[in-house]
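Per the numbering used here, residue -1 is the first one in the sequence shown, and the count goes up by one each step.
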Amino acid sequence: MNIADALDRAATEFPQSTWHFPETGEALRAGEMLRQARTVAAGLAGKGVATEPIGILLSPGKGAWCTLLGGLAAGAAICPLTVHPFYRDPESEAARVSAIVETARIRFIVTENSYSDIVQILRRRHPRLTTLCYPDLVRCPAGTTSGPRILDDDLAVLQFTSGSTSRPKGVMLTHAAVLAGLRAISVSSSTTHEDVYVQWIPHHHDMGLITPLAHALAGADVHIMSPAQFIRDPIAFLRYLDANGATQTAGPNFGYDLIASAVSAESVPDLDLRRWRLAFNGSEPVRPDTVERFTEALAPHGVSATVMYPVYGMAEVTLGATFPDPGARPKTLAVDRAQLSHGRARPVPAPTPETVSFVSVGKPVAGMSMRICTGQGRPAPEGALGEIELKGPSLLHGYLTGTRDAPDPFHDDWLRTGDAGFILSGELYVTGRLKDVIIINGQNIFPEDVETLVRDLPGVHRKRCVAFAARKHGVEQVMVIAETRERNMSALEEQIRSAVLEGLGIGSVLVELRRPGGIPRTPSGKWQRALLRSQYTSAA
-1 MNIADALDRA ATEFPQSTWH FPETGEALRA GEMLRQARTV AAGLAGKGVA
49 TEPIGILLSP GKGAWCTLLG GLAAGAAICP LTVHPFYRDP ESEAARVSAI
99 VETARIRFIV TENSYSDIVQ ILRRRHPRLT TLCYPDLVRC PAGTTSGPRI
149 LDDDLAVLQF TSGSTSRPKG VMLTHAAVLA GLRAISVSSS TTHEDVYVQW
199 IPHHHDMGLI TPLAHALAGA DVHIMSPAQF IRDPIAFLRY LDANGATQTA
249 GPNFGYDLIA SAVSAESVPD LDLRRWRLAF NGSEPVRPDT VERFTEALAP
299 HGVSATVMYP VYGMAEVTLG ATFPDPGARP KTLAVDRAQL SHGRARPVPA
349 PTPETVSFVS VGKPVAGMSM RICTGQGRPA PEGALGEIEL KGPSLLHGYL
399 TGTRDAPDPF HDDWLRTGDA GFILSGELYV TGRLKDVIII NGQNIFPEDV
449 ETLVRDLPGV HRKRCVAFAA RKHGVEQVMV IAETRERNMS ALEEQIRSAV
499 LEGLGIGSVL VELRRPGGIP RTPSGKWQRA LLRSQYTSAA
């Protein structure tokens, strides 16, 4: 069965399930939503779209989701294209999109007038590129073109990583893999047709694309909000959850930081969030202090300590890899920092200056297996630090790079995630990215450990800091870049060096301070650590 047919079956089984788009005030029953998607599919077929990747450059909302679903129904591989939400330089945004167009050999892009400056640049670079306007597609009468026969192993989603414009890498997911992933998410989180899911993450983010589909397949109501609206006013987001009886949300860790800060800074009377059941927290490291702050700030409004739901996953496994048991309190584990730097997680009873804490992201979702492997590719025992490897039916078909030397992500049929972590009592703890590990005097230091020590220092603007490895005079050192509004830069630089020295015993720390907004992010909000590292290396 393909994704469109599975969603049709769910809409028939749960006819009351509804898609909501609060920005435009639209609400469509699942059946009507899919009817409009079939209209888009007919429009795409009428323009000559076949079983091929189609680029989707649309703002979050009904148009984007009708196009995503319509592309799937048309047998195309949907390829969400991403730009920074408040971009000022259309040339740089077009450069990233252009690299994807070239790599995936995209012939068609569905877009809208708000991206006309980027589209004009793309047309100059790719004369054979056809741009389709969403309003024109929905004018095509539904059913004028019969849908293609879609097989399980046909490509359904082509998800490109954000960041570099030179060698984009697309994650290829088949219909069978996506359906397996959607079912694993709903089963492992106990999602049913009685749930009400609200999200603010954009659809070009893997969590923002896959999670609504999983809820729609389970017959739940789905609410799609604007990312800009959430960032601008987290309190309004919470009031929306209250007004609509939301039971589930999803987002990266920084989103829950924003919520906790907003609630702590502002009195919010008459806010009832007792129906909130799960707050999926993933796509970036889950911070113990965020879990604690969120739980404490939201408790007066009826949010249980079991609501925060730390998860682990990635586009390569159709999002979900490991989930905790629904209804369980998040588990935070303190381990000896020195032992961890030498590859072993040794738990200690309580956090101290000599420990580092991690949040459990649970056990494998339904149908998934996991293991930790050493640098030699051998499975590691419990408590050993190594690379996280995954196996299951929702894994990617491979990477699309546009070259013959596409990386092989598998090791004996296991997906090599590139993430480091350890397993204790069957639960996974993620420590960071392997490629980001900083090696100082034989010690393995994760950038997140450094950032934890720096982010809460007075003078660091909104906890914004990034750490990475840097070589100076042939010696590996820790580089910290932090944002600040302080005038006395030298005093803050010294505080940062002292914090890292006291916390990690590392004296060779380079510090660079920037004004707010000076640290670049990807369009999905993640720090561009690799870009910063390459910039520093080039400058050095």
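Even for Gly, the Cβ is constructed at its ideal location relative to N, Cα and C.
Per DSSP, the continuous beta strand (DSSP E) segment holding A467 begins and ends at 458 to 470.
F278 places its beta carbon less than 8 Å from that of T209. Within the same chain, A28, G29, L32 come within 6 Å of A9 by CB-CB distance, once the 5 residues on both sides are set aside.
Sequence-distant partners of A4 (beyond 5 residues in either direction) whose C-beta falls short of 7 Å from its own C-beta, in its chain, are L177, L215. Here R431 is bridged, per DSSP, to D417.
Judged by beta-carbon spacing, P362 lies within the 8 Å limit of A319, meaning their Cβ atoms are closer than that value. Buried is the label assigned to K60, since at least 16 other Cβ atoms lie within 10 Å of its Cβ.
Note that the region 250 to 268 does not touch the region 91 to 99; fewer than 3 beta-carbon pairs, one per stretch, sit closer than 8 Å. Beyond the five residues adjoining it in sequence on each side, A182 comes within less than 7 Å, by CB distance, of G318, V363, A364, G365, M366, S392 in the same chain, given in chain order. A distance below 6 Å between beta-carbons, with the five flanking residues on each side excluded, links A92 to the following residues of its chain, in chain order: I116, I119, L120. Note on M487: under 16 other CB atoms within 10 angstroms of its CB, so exposed under the neighbour-count rule.
The region 300 to 307 and the region 329 to 345 do not touch, with fewer than 3 CB-CB distances between them shorter than 8 Å. D403 sits exposed, since fewer than 16 C-beta atoms from the chains shown fall within 10 Å of its C-beta. By the neighbour-count definition (other C-beta atoms within 10 Å, threshold 16), D270 is an exposed residue.
Contact annotation: the region 184 to 191 does not touch the region 150 to 159, with fewer than three C-beta pairs closer than 8 Å.
In the displayed model, D454 falls within coil according to three-state DSSP, outside both helix and strand. Closest in C-alpha terms to Q337, from the list R122, L383, N0, G457, comes L383. Unbroken alpha helix (DSSP H) stretches of 4 residues or longer found wholly inside the region 205 to 282: 225 to 230, 232 to 242, 251 to 263, given in chain order.
Secondary structure of R327 (DSSP, three-state): coil.
The beta carbons of H173 and N442 sit no closer together than 8 Å. If you keep only unbroken alpha helix (DSSP H) runs of at least 4 residues inside the region 72 to 139, you get 88 to 102, 114 to 123, 132 to 135.
In this structure, F420 places its C-beta atom within 8 Å of the C-beta atom of G381. When the Cα atoms are used, P13 and H191 turn out to be separated by approximately 10 Å. G516 and A480 have their C-alpha atoms spaced approximately 9 Å apart.
Take G249, set aside five residues on each side of it, and the residues of its chain with a beta-carbon closer than 6 Å to its own are I199, in chain order. In this structure the region 44 to 64 does not lie against the region 245 to 259, because fewer than three pairs of beta carbons, one per stretch, are closer than 8 Å.
Look at K60 here: in three-state DSSP terms it is helix. Taken in chain order, the complete beta strand (DSSP E) segments of 3 residues or longer contained in the region 320 to 393 are 330 to 334, 353 to 357, 367 to 371, 384 to 389. Distance check between P58 and each of F235, L207, Y238 places L207 closest, using alpha-carbon atoms only. When C-alpha distances from W274 are compared across L239, E294, E24, the shortest belongs to L239. Contact between G253 and S15 is ruled out by a C-beta separation of about 25 Å, above the 8 Å threshold. Taken in chain order, the complete alpha helix (DSSP H) segments of 4 or more residues contained in the region 14 to 73 are 28 to 44, 60 to 71. As DSSP reads the structure, Y195 sits in a beta bridge with V220, Q246. Scanning its chain for C-beta atoms nearer than 8 Å, with the 5 sequence neighbours on each side dropped, one finds around R126 the residues R105, in chain order. In terms of Cβ geometry, V473 and C463 do not form a close pair [threshold 8 Å].
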